[in-house]
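In what follows, a single structure is set out as structure tokens and then discussed.
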Amino acid sequence: MTLHTYFAQKYTKILFIVLFLMSLLLVMIDLIEHSRRFSYVIDLYSIIHLTFLNAPKSIYEIIDLIMLIASLVFFISISKTSELVIVRGAGRSVYGAIFSPLIVSFGFGILILAIFNPLVATSSKTYLNIKETYLKGEKAVFSIGSEGLWLRQGNNLEQSVIRAGRANYDGSVLYDVTILSFSENGSANRRLEAATAIILDKKWQLSNVKVWPLEQGFSSEKNAQIIKKMIIKSN
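Heads up: the sequence shown begins at 39 in my numbering, then just goes up one per residue.
Now the structure itself:
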């Protein structure tokens, strides 16, 4: 029994080391990929958040590979240290070195199905919803390009085009914001620039705002106003 326990502990240690290293590698690759795709519209915290939401699914897809690598490392390790020779010399069966990893792998598989599988399902759904917000605009009228994030809103009386340099992960906070408002006849009547815009209760709460009136007969810069806080409606 002691022999089985020793090999089981050794294999478990190797399995979790391989799992950690492979997970770290996947997270780093995902972080680079998400930074490349979203760095111009969302901040670093949001990119890290997306990366970790996608990590369980990425790890789940290579669980078989992780267990295969762990098994190879385990058998190479006991071969290099001549542990099998010692076991044989002691008159014990070498099948203990095979039986123990099988039991550990079986238990690890049950753990994956019982705990990790629901986590993958939940995190993957959240990840896809957030990702679609930026890529397809299914939860907002978003357009993402090399110049930042664009949002259009309005009603029968006024239309507004909002541009943001970047946003947080769910699009509720915009940074480096420019808003152009258009009247019913399509002419621009106001321009706003704000440091941040936060959506709360169907209203945009702007901070550090500069407002330029664009009606005919006005010198926009001369009549510009600087307002610390400002609230505008959002549809």
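Quick reminder that beta carbons are idealized off the backbone N, C-alpha and C, glycines included.
Since the model is a prediction, treat every value here as computed from it, not as a measurement.
Could you compute how far the alpha carbon of residue i sits from the alpha carbon of residue j?
i, j, result
"residue 237", "residue 101", "40 angstroms"
"residue 196", "residue 221", "5 angstroms"
"residue 205", "residue 263", "25 angstroms"
"residue 65", "residue 155", "18 angstroms"
"residue 227", "residue 190", "16 angstroms"
"residue 70", "residue 52", "27 angstroms"
"residue 88", "residue 97", "15 angstroms"
"residue 272", "residue 148", "49 angstroms"
"residue 217", "residue 187", "12 angstroms"
"residue 200", "residue 250", "15 angstroms"
"residue 122", "residue 84", "50 angstroms"
"residue 157", "residue 163", "10 angstroms"
"residue 167", "residue 72", "15 angstroms"
"residue 159", "residue 234", "34 angstroms"
"residue 104", "residue 58", "10 angstroms"
Considering just the uninterrupted stretch of the beta strand (DSSP E) at residue i, what are its terminal residues?
i, result
"residue 240", "Taken as a continuous stretch (DSSP letters only), residue 240 belongs to no beta strand (DSSP E), as it is neither H nor E."
"residue 271", "263–271"
"residue 200", "197–205"
Among residues of its own chain, excluding the 5 on either side of residue i, which ones have a beta-carbon nearer than 7 angstroms to its beta-carbon?
i, result
"residue 210", "236, 237"
"residue 138", "42, 45, 46, 49"
"residue 260", "none"
Starting from residue i, follow the alpha helix (DSSP H) in both directions and report where the run begins and ends.
i, result
"residue 220", "That residue, residue 220, is in no alpha helix (DSSP H); its beta strand (DSSP E) goes 211–220."
"residue 116", "101–118"
"residue 68", "40–76"
Across which residues does DSSP place residue i in a beta bridge pair?
i, result
"residue 248", "231, 264"
"residue 226", "220"
"residue 86", "Note: residue 86 sits in no beta bridge, so no partner."
"residue 80", "205"
For residue i, which residues in the same chain have their Cβ closer than 6 angstroms to its Cβ, ignoring the five residues on either side in sequence?
i, result
"residue 142", "46, 49, 50"
"residue 268", "244, 247"
"residue 32", "Shown here, the chain extends from 39 to 273; a query on residue 32 therefore has no answer."
"residue 231", "216, 248"
Just checking my contact of residue i with residue j at CB under 8 angstroms: how many whole Å lie between their CB atoms?
i, j, result
"residue 224", "residue 213", "Actually they are not in contact, since the Cβ atoms of residue 224 and residue 213 sit about 28 angstroms apart, beyond 8 angstroms."
"residue 56", "residue 107", "5 angstroms"
"residue 270", "residue 241", "7 angstroms"
Looking only at its chain, what residues have a beta carbon closer than 8 angstroms to the beta carbon of residue i, apart from the 5 residues adjacent to it on each side?
i, result
"residue 61", "93, 97"
"residue 253", "227"
"residue 150", "98, 101"
"residue 76", "84, 85, 88, 172"
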